[in-house]
Amino acid sequence: MAQPKTSKKASGGNLLKRGNRANVYAIVAIIALLSGVGIYLKVFSHAASAYCVGGVFASGSSGQCVKDIQTMVNLSTDVNPKITVNGKFNAATVNAVKQLQTQVNTLKPQGLPYPLTVNGRVNAKTWTVLCADSNNYFAGSAPYIAFHDAGCQTLTLP
(Lines of atoms letter the chains of each structure in order from A and count residues from 1; the text may use other names and numbers.)
(Lines give C-alpha, C1' and ligand atoms only; values in the text may rest on other atoms or scores of the structure.)
Protein backbone atom coordinates (compact mmCIF):
# COMPACT_ATOMS: atom_id res chain seq x y z
CA MET A 1 0.00 0.00 0.00
CA ALA A 2 1.29 3.48 -0.87
CA GLN A 3 2.35 5.79 1.90
CA PRO A 4 0.16 8.91 2.23
CA LYS A 5 1.90 12.14 1.23
CA THR A 6 2.50 14.55 4.06
CA SER A 7 2.08 18.23 3.49
CA LYS A 8 4.72 20.62 4.71
CA LYS A 9 1.92 22.88 5.89
CA ALA A 10 0.50 20.09 8.00
CA SER A 11 3.89 19.48 9.61
CA GLY A 12 4.57 23.11 10.36
CA GLY A 13 6.05 24.15 7.01
CA ASN A 14 9.36 25.81 6.42
CA LEU A 15 9.67 28.86 8.68
CA LEU A 16 12.38 30.36 6.48
CA LYS A 17 10.40 30.15 3.26
CA ARG A 18 10.65 33.27 1.16
CA GLY A 19 7.45 34.85 2.49
CA ASN A 20 8.29 34.15 6.13
CA ARG A 21 11.84 35.51 6.25
CA ALA A 22 10.62 39.05 6.91
CA ASN A 23 8.62 37.76 9.88
CA VAL A 24 11.66 35.96 11.27
CA TYR A 25 13.81 39.09 10.88
CA ALA A 26 11.12 41.16 12.58
CA ILE A 27 10.96 38.72 15.50
CA VAL A 28 14.76 38.75 15.86
CA ALA A 29 14.76 42.57 15.77
CA ILE A 30 12.08 42.74 18.47
CA ILE A 31 13.98 40.33 20.70
CA ALA A 32 17.17 42.32 20.16
CA LEU A 33 15.44 45.60 21.03
CA LEU A 34 13.80 44.14 24.13
CA SER A 35 17.14 42.81 25.32
CA GLY A 36 18.92 46.12 24.70
CA VAL A 37 21.07 44.85 21.84
CA GLY A 38 19.28 47.12 19.37
CA ILE A 39 20.12 50.20 21.39
CA TYR A 40 23.77 49.18 21.54
CA LEU A 41 23.90 48.62 17.80
CA LYS A 42 22.21 51.95 17.04
CA VAL A 43 24.26 53.98 19.49
CA PHE A 44 27.51 52.74 18.03
CA SER A 45 26.47 52.89 14.39
CA HIS A 46 29.51 54.93 13.32
CA ALA A 47 32.74 53.03 12.89
CA ALA A 48 35.20 53.89 15.65
CA SER A 49 37.38 55.84 13.23
CA ALA A 50 34.43 57.81 11.90
CA TYR A 51 33.75 59.94 14.97
CA CYS A 52 32.82 63.49 14.13
CA VAL A 53 34.42 65.12 17.18
CA GLY A 54 37.72 66.67 16.24
CA GLY A 55 36.63 67.36 12.69
CA VAL A 56 35.78 70.81 11.40
CA PHE A 57 32.35 71.22 9.82
CA ALA A 58 31.11 74.31 8.03
CA SER A 59 28.84 75.52 5.25
CA GLY A 60 28.80 72.90 2.50
CA SER A 61 29.57 69.93 4.78
CA SER A 62 27.08 67.08 4.72
CA GLY A 63 26.43 63.63 6.13
CA GLN A 64 25.72 61.91 9.44
CA CYS A 65 28.08 64.16 11.41
CA VAL A 66 26.12 67.20 10.26
CA LYS A 67 22.88 65.48 11.34
CA ASP A 68 24.44 64.91 14.76
CA ILE A 69 25.48 68.58 14.94
CA GLN A 70 21.98 69.71 13.93
CA THR A 71 20.39 67.46 16.57
CA MET A 72 22.71 68.78 19.29
CA VAL A 73 22.27 72.43 18.25
CA ASN A 74 18.48 72.00 18.41
CA LEU A 75 18.80 70.91 22.06
CA SER A 76 20.07 74.37 23.00
CA THR A 77 17.38 76.63 24.38
CA ASP A 78 19.40 79.52 22.94
CA VAL A 79 18.82 78.52 19.32
CA ASN A 80 15.62 79.72 17.67
CA PRO A 81 14.13 78.84 15.33
CA LYS A 82 15.03 75.15 15.52
CA ILE A 83 16.67 73.83 12.36
CA THR A 84 15.77 70.91 10.13
CA VAL A 85 17.92 67.83 10.74
CA ASN A 86 18.75 66.93 7.13
CA GLY A 87 22.52 66.37 7.13
CA LYS A 88 23.23 69.50 5.07
CA PHE A 89 25.29 72.25 6.68
CA ASN A 90 23.26 75.03 5.09
CA ALA A 91 22.61 78.69 5.96
CA ALA A 92 20.13 77.75 8.70
CA THR A 93 22.72 75.51 10.35
CA VAL A 94 25.42 78.20 10.09
CA ASN A 95 23.06 80.73 11.75
CA ALA A 96 22.10 78.28 14.52
CA VAL A 97 25.75 77.51 15.30
CA LYS A 98 26.48 81.27 15.37
CA GLN A 99 23.62 81.77 17.85
CA LEU A 100 25.07 79.06 20.07
CA GLN A 101 28.60 80.51 19.85
CA THR A 102 27.33 84.01 20.65
CA GLN A 103 25.35 82.74 23.65
CA VAL A 104 28.38 80.92 25.08
CA ASN A 105 30.45 84.10 24.74
CA THR A 106 27.70 86.09 26.48
CA LEU A 107 27.00 83.68 29.36
CA LYS A 108 30.57 82.43 29.83
CA PRO A 109 29.45 79.14 31.42
CA GLN A 110 31.92 77.68 33.88
CA GLY A 111 34.07 74.92 32.45
CA LEU A 112 33.34 75.65 28.80
CA PRO A 113 35.83 77.23 26.43
CA TYR A 114 35.30 80.87 25.49
CA PRO A 115 35.55 83.10 23.72
CA LEU A 116 34.35 81.11 20.76
CA THR A 117 34.90 82.57 17.33
CA VAL A 118 31.42 83.37 16.05
CA ASN A 119 31.76 82.03 12.53
CA GLY A 120 29.17 79.25 12.27
CA ARG A 121 31.89 76.59 11.97
CA VAL A 122 32.03 73.60 14.32
CA ASN A 123 35.64 73.14 15.47
CA ALA A 124 37.26 71.71 18.61
CA LYS A 125 35.97 74.45 20.98
CA THR A 126 32.45 74.31 19.55
CA TRP A 127 32.46 70.49 19.82
CA THR A 128 33.23 70.84 23.54
CA VAL A 129 30.22 73.13 23.93
CA LEU A 130 27.96 70.83 21.87
CA CYS A 131 29.03 67.76 23.85
CA ALA A 132 28.81 69.39 27.31
CA ASP A 133 25.35 67.94 28.04
CA SER A 134 26.04 64.52 26.58
CA ASN A 135 25.45 62.66 29.86
CA ASN A 136 22.03 64.22 30.49
CA TYR A 137 19.98 62.02 28.17
CA PHE A 138 18.55 58.51 28.41
CA ALA A 139 20.25 55.73 26.47
CA GLY A 140 18.44 55.15 23.21
CA SER A 141 17.01 58.67 22.98
CA ALA A 142 17.73 60.72 19.85
CA PRO A 143 20.05 63.16 21.71
CA TYR A 144 21.96 60.30 23.34
CA ILE A 145 22.44 58.61 19.99
CA ALA A 146 23.61 61.87 18.36
CA PHE A 147 26.10 62.57 21.17
CA HIS A 148 27.56 59.08 21.00
CA ASP A 149 27.54 58.81 17.22
CA ALA A 150 29.45 62.08 17.10
CA GLY A 151 32.02 60.74 19.56
CA CYS A 152 31.34 63.03 22.52
CA GLN A 153 32.32 60.20 24.87
CA THR A 154 35.90 60.52 23.57
CA LEU A 155 36.23 64.09 24.88
CA THR A 156 37.27 65.07 28.39
CA LEU A 157 34.40 67.31 29.39
CA PRO A 158 34.05 69.68 32.34
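Take our numbering: the final residue in the sequence shown is number 160, and no numbers are missing along the way. By construction, the Cβ of each residue, glycine as well, lies at the ideal position given by its N, Cα and C atoms.
When C-beta atoms of the stretch 54-69 are compared with those of the stretch 82-97, three or more pairs fall below 8 Å, so the two segments count as touching. Taking the Cβ atoms as the reference, GLN72 lies roughly 4 Å from VAL87, within the contact range of under 8 Å. Here the C-alpha atom of ASN107 lies approximately 6 Å from the C-alpha atom of LEU118.
According to the DSSP assignment, CYS67 belongs to the alpha helix (DSSP H) that extends over 66-77. Taken in chain order, the unbroken stretches of alpha helix (DSSP H) that lie wholly in the stretch 134-158 and span 4 residues or more are 144-152. Secondary structure note for LYS100: its alpha helix (DSSP H) is the uninterrupted segment 93-109.
Residue burial is scored here from C-beta neighbours: PHE149 has at least 16 other C-beta atoms within 10 angstroms and is therefore classed as buried. Scanning its chain for C-beta atoms nearer than 8 Å, with the 5 sequence neighbours on each side dropped, one finds around PHE140 the residues TYR146, in chain order. Around GLN103, the same chain offers LEU118 and VAL120 as residues with beta carbons nearer than 6 Å, after the five sequence neighbours per side are excluded. Listed in chain order, the non-local C-beta contacts of ASN76 below 8 Å within the same chain comprise LYS84, ILE85, VAL87 and ALA98, local neighbours out to five positions each way being set aside. Taking C-alpha positions only, LEU114 is separated from ALA144 by approximately 23 Å.
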